[in-house]
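Okay, so here's the structure we're looking at.
2 protein chains.
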Amino acid sequence: MINNRKATLDWSVMSSTIQKRAARKTPAERAAEIAEAAREIALEQGLSAITLRNVAARVGVASGLVAHYQPNVEALVAGIFATIVAAETEEVAGLLETQPTPLEQLGMLLETLMDGSRLDVTAIWVEAWTLGRRNEALAACVREQMDAWQAVVQRVVEAGIDAGEFETFDAPSVAWQILGMVDGLNAQALVRWDGVSDRGTHLARAVEGMVGAARGSLLPGGAPPISPDS
Amino acid sequence: MINNRKATLDWSVMSSTIQKRAARKTPAERAAEIAEAAREIALEQGLSAITLRNVAARVGVASGLVAHYQPNVEALVAGIFATIVAAETEEVAGLLETQPTPLEQLGMLLETLMDGSRLDVTAIWVEAWTLGRRNEALAACVREQMDAWQAVVQRVVEAGIDAGEFETFDAPSVAWQILGMVDGLNAQALVRWDGVSDRGTHLARAVEGMVGAARGSLLPGGAPPISPDS
DNA sequence: ATTGTTATTGATCGCATGATCAATAACAGG
DNA sequence: CCTGTTATTGATCATGCGATCAATAACAAT
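So the sequences go chain by chain: W and H. Taken in order, the first sequence gives residues 1 to 230; the numbers are from the working numbering. Taken in order, the second sequence gives residues 1001 to 1230; the numbers are from the working numbering.
So, in structure tokens, the structure goes:
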């Protein structure tokens, strides 16, 4: 317990790559840095890798500082989840506006969500479903973001009904159903992306059946699933 | 470091509800006890609640003993996952043999899987998908059990094709697809079980579209989704 | 130059985890 | 009644976590 003084280093001689102390920044700036670091960690290693020490290390800062900018880690995790997922929702919703008809919008929705380019976000969703059991703030964010997604899909379905392209009542339920299917298939792809050919095509057939659209009207590029002419 | 002898209690006087030492048992017996305790913990609190001390406490045993019966905790978790999920697969597969035709088998499959009575197992699945990222043994079990499930579904689909009830090629992909849809919808119900009415019915319509069965041929009890005569 | 504010540090606490292992005691076979 | 086997204990180690807070130092205002 005696003589635990630290060895003193002459920092003025050290190379410029090592900083003794992080530069002092605006709270807004620092908060943004921390959020960005946490976002990257979540996408690369999962939400549970968001740790005071982990985030601090990536920012290049003491762990206490990260804690200083958040009430607690649970809130940080919940916030980062919302950031990541909301960005995806808005991005895809924007993409849909590109398409003229609801039919083509729904087709693009399925195509975009199933192209495998967003598996990192899928992993976040799956982890959030589990973590939400013990992180109430996160659970609330999950429900909120699910609702946002459902609203986007429901809008497309309703537009299709109005346009006479779809034949179904209960657009809300159909929207939930489509989302659930997409999530499940993507979660599956997380573990096992082989074994299923034409993921998008099969899903399109399923959605057509549910939505009351004609066979092959979604994803016209895909081959009809009946004849074995692969 | 001196005089750390424990206070000695006269256990012969203590009430019978407190045992000084767990009864000595056969390795097979003890291993079974440990497995059962771990299974219960997993179903009640999740796979990540499977802990040396947690399991030991439930069995009424020292934590070291649990460790003694397993190479490491990762293996225990993987094994318990396989136990739980395999039991469900076999149970449902047995149920299907009750039904005479593939159409009715598929209907019962959807009905059984979507009745909400297996949400605890669904939670295990979802957690395993995430935990598999850092537990290679668990990841292997997950893939194995997914294959087992897919084989069950594929068998039904192929039987339906042979019987002329279904019109689709590529039974393996369709089986994967059905599984993914069911998993996704159940995972959704884990967080949010409201908002969707007729989960089973909508799913049935979707599967009909994918499998090429006539509208309403699956789940004949359900109302057709077109006319708003709810 | 002096002062006040506050961003930042780094050490520390309490807790939980998996793993390890010498010591103990229950039981079986002689 | 002994003796060897081994199921079982309980303490210990190293690690990582969130949280807390006095001390420090950088900056702005005076």
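We put the beta carbon where it would ideally sit given N, CA and C, even for glycine.
At a cut-off of 4 residues, the continuous stretches assigned as alpha helix (DSSP H) that sit fully inside the region 1069–1118 of chain H are 1073–1096 and 1102–1113. In the three-state scheme derived from DSSP, where H, G and I count as helix and E and B as strand, W/Val-196 is classed as coil.
Counting only residues of its own chain and dropping the five nearest sequence neighbours on each side, W/Gln-154 has a CB closer than 7 Å to the CB of Ala-171, Pro-172 and Ala-175.
Per DSSP, reduced to three states, the secondary structure at W/Asn-135 is coil, with no helix or strand assignment. The DSSP-derived three-state label of H/Asp-1170 is coil. The shortest CA-to-CA distance from H/Arg-1021 to any of H/Gly-1209, H/Met-1146 and H/Leu-1065 is the one to H/Leu-1065.
When 8 Å is used as the limit between beta carbons, W/Gln-177 is near these residues of chain H: Leu-1185, Val-1196, Arg-1199, His-1202, Leu-1203 and Ala-1206, in chain order. A contact between stretches requires three or more CB pairs, one per stretch, nearer than 8 Å, and the region 1026–1038 of chain H meets this requirement with the region 1051–1068 of chain H.
Boundaries cannot be given for W/Ala-62, as no alpha helix (DSSP H) includes it and DSSP labels it neither H nor E. Around the beta carbon of W/Glu-165, 16 or more other beta carbons lie within 10 angstroms, which makes this residue buried.
The beta carbons of W/Leu-203 and W/Leu-179 sit about 12 Å from each other, so the pair does not count as a contact at 8 Å.
Around the C-beta of W/Trp-193, fewer than 16 other C-beta atoms lie within 10 Å, and the residue is accordingly described as exposed.
Taking 7 Å as the threshold, the shortest C-beta distance from W/Thr-130 to chain H falls below it. Contact annotation: the region 1066–1076 of chain H does not touch the region 1118–1127 of chain H, with fewer than three C-beta pairs closer than 8 Å.
Only those residues of the region 140–154 of chain W whose C-beta falls short of 9 Å from the nearest C-beta of chain H are listed: Val-142, Arg-143, Met-146, Asp-147 and Gln-150. Looking only at W/Ala-32, W/Gln-177, W/Glu-33 and W/Asn-54, the smallest Cα-Cα distance to W/Ile-41 is reached by W/Asn-54. Counted as a single uninterrupted DSSP element, the alpha helix (DSSP H) harbouring H/Ala-1032 occupies residues 1027–1045. For H/Gly-1209, at least one C-beta of chain W is nearer than 7 Å to its own C-beta. By the Cβ criterion, the region 1130–1147 of chain H is not in contact with the region 141–160 of chain W, since fewer than three pairs of Cβ atoms, one from each stretch, lie closer than 8 Å. If you check each beta-carbon in the region 112–124 of chain W against every beta-carbon of chain H, the ones closer than 9 Å belong to Ala-123. One thing to note: H/Leu-1219 has its Cβ no nearer than 7 Å to the Cβ of H/Glu-1208. For H/Leu-1190, the chain W residues whose C-beta falls within less than 8 Å of its own C-beta are Trp-129, listed in chain order. Using a 10 angstroms sphere on the CB of H/Thr-1201, the tally of other CB atoms reaches 16 or more, which defines it as buried.
Against chain H, the beta carbon of W/Val-174 has neighbours under 7 Å at His-1202, listed in chain order. Nearest to H/Ala-1187 by C-alpha distance, out of H/Glu-1158, H/Leu-1113 and H/Met-1210, is H/Leu-1113.
Between W/Gly-180 and chain H, the shortest Cβ-Cβ separation is below 7 Å. Around the beta carbon of W/Asn-72, fewer than 16 other beta carbons sit within 10 angstroms, so the residue counts as exposed. Residue environment for H/Asp-1115: exposed (fewer than 16 other C-beta atoms within 10 angstroms of its C-beta). About 7 Å separates the beta carbon of W/Ala-123 from that of W/Gly-46, a gap short enough to meet the 8 Å contact definition.
With 16 or more other CB atoms across the displayed protein chains lying within 10 angstroms of its CB, W/Thr-168 is buried. Taking a beta-carbon distance threshold of 7 Å, W/Val-59 does not count as an interface residue toward chain H.
Restricting attention to H/Leu-1076, H/Leu-1109, H/Asp-1162 and H/Glu-1088, the CA atom closest to the CA of H/Val-1121 is found in H/Glu-1088.
It is roughly 45 Å from the alpha-carbon of H/Asn-1135 to the alpha-carbon of W/Ala-159.
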